[in-house]
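A quick write-up on the structure given underneath.
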Amino acid sequence: MKSFKSIALLVGTNLLIFITLSITFSVLVNLVLPAFGVDLRGVVSVTDLLWALVIGFGGAFISLLMSKHLARAGMQMQRIEQPQSAKERLVYDTVAQLSTRLGIRMPEVWVYWNDDPNAFATGPGRNHSMVAVSSGLVNLLNDNEIRAVLAHEMGHVYNGDMVSTTLLQGLMNTFVFWLSMLAARQFDDRPMIAFAVSMFLQVALSFLALIPITWFSRRREFAADRFAAEQIGASAMISALQKLHQRATAMHVEHDAVRDPMATAYISGSWKGLFATHPSLEARVAALQALQKGYSYS
């Protein structure tokens, strides 16, 4: 029943997005632009927008549905079902306890072998998710810090960050494909030029589309930190972030949306600028410290 509700919600959301875009598109092309002397009637159509929507959201949701499989395929991972060590028991029990407290189905719990201390959560929904930690993370952090990082990841799961990010990606993809098709149609009599224009714009606009996507990613990291602070305590999360910062500084580790398709899922990243998937660790620590003092959270 919960799965059906999730699917119905996704379908309903997509329909609302399409209706909104169609109405906006029709008003813009048929009323607003002609009033300013720009007449695109007959040049572009709602059909183009529909195809862009199908391609844009279709690709995003296929990636979401396959996210757990893609994550496992790209890493050397082992699922924890019957913990064999104290660290495995700590990770497994923390996720189990948080799941029970939050009233959601327990995510799959995985560990992957990588010296880079990191963790991530992914999956098509809060009741169909996975949480993974690296061997480097469990070796670097103490028990309470590990609990805080796991709570951060569970915050992503509980808040539905994977789905909301997918919706945003789908929307951005739609505009990328639609604008590319719009430009290419101006060269219908020269198919090779039309193809070149379409490909160039898809690449260029895809980079621009990363700006709102990574901005949203940075906002949700602050929210997940706050969630971890509420569940485990701000001090543990601050301490974990400080250790991750020290390690990243020493190793010069970078994860970013351009180089790593898993970048938005990780607990941390050091890439800076408009394409940063994470706020700086210093900013996240400062926000948690402000939360401890009772100030408003960034």
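All residue numbers for the sequence shown refer to the UniProt record's numbering, where the first residue is 1 and numbers rise by one. Ideal Cβ placement from N, Cα and C applies to all residues, glycine included.
Quick check: the Cα distance between residue i and residue j, rounded to an integer number of angstroms?
i	j	result
residue 261	residue 84	Model confidence at residue 261 stands at a pLDDT of 45, short of 50, so the residue's coordinates are unreliable; what they give is reported in the following sentence. For residue 261 and residue 84, the distance between alpha carbons rounds to 31 Å.
residue 291	residue 276	23 Å
residue 209	residue 173	8 Å
residue 86	residue 167	39 Å
residue 48	residue 177	9 Å
residue 129	residue 28	40 Å
residue 120	residue 53	29 Å
residue 73	residue 79	13 Å
residue 108	residue 226	23 Å
residue 100	residue 93	10 Å
residue 81	residue 224	25 Å
residue 182	residue 191	14 Å
residue 158	residue 221	13 Å
residue 145	residue 206	36 Å
residue 137	residue 91	11 Å
residue 187	residue 202	16 Å
residue 282	residue 249	12 Å
residue 112	residue 31	55 Å
residue 243	residue 34	58 Å
residue 163	residue 98	20 Å
residue 37	residue 189	25 Å
residue 104	residue 294	29 Å
Tell me, which residues are paired with residue i by DSSP?
i	result
residue 112	77 and 134
residue 174	Answer is none; residue 174 lacks a bridge partner.
residue 128	125
residue 57	Residue 57 is not bridged to any residue.
Counting only C-beta atoms, is residue i closer than 8 Å to chain D at any point?
i	result
residue 205	Among the chains of the structure shown, chain D does not appear; only one protein chain is present.
Sort the options by Cα distance to residue i and report the nearest one.
i	options	result
residue 51	200, 175, 217 and 223	175
residue 204	179, 226 and 102	179
residue 247	56, 236, 62 and 115	115
residue 127	47, 156, 141 and 61	156
residue 106	57, 125 and 113	125
residue 69	123, 163 and 190	123
residue 55	170, 34 and 75	170
residue 218	37, 294, 279 and 189	279
residue 216	161, 96, 238 and 34	161
residue 131	139, 118 and 143	118
residue 77	31, 133 and 36	133
residue 71	110, 36, 57 and 286	110
residue 135	75, 184, 286 and 185	75
Leaving out the 5 sequence neighbours to the left and right, which residues in its chain are closer than 6 Å to residue i when beta-carbon positions are compared?
i	result
residue 211	274
residue 284	225 and 241
residue 245	281
residue 96	106
residue 185	none
Less than 7 Å between the CB of residue i and some heavy atom of the ligand NAP, yes or no?
i	result
residue 87	Because no ligand of any kind appears in the structure shown, any question about the ligand NAP cannot be addressed here.
Near residue i, which residues of its chain fall below 7 Å by C-beta distance, leaving aside the five closest residues on each side in sequence?
i	result
residue 240	141, 145, 148 and 149
residue 89	83
residue 288	225, 229, 234, 237 and 238
residue 59	173
Grab me the residues of residue i's own chain with a C-beta within less than 8 Å of its C-beta, minus the 5 sequence neighbours each way, in chain order.
i	result
residue 102	154 and 158
residue 143	90
Inter-stretch contact (C-beta, 8 Å, three-pair minimum) for the stretch 138-156 and the stretch 222-234: yes
Between the stretch 57-76 and the stretch 190-197, do three or more beta carbon pairs fall short of 8 Å? no
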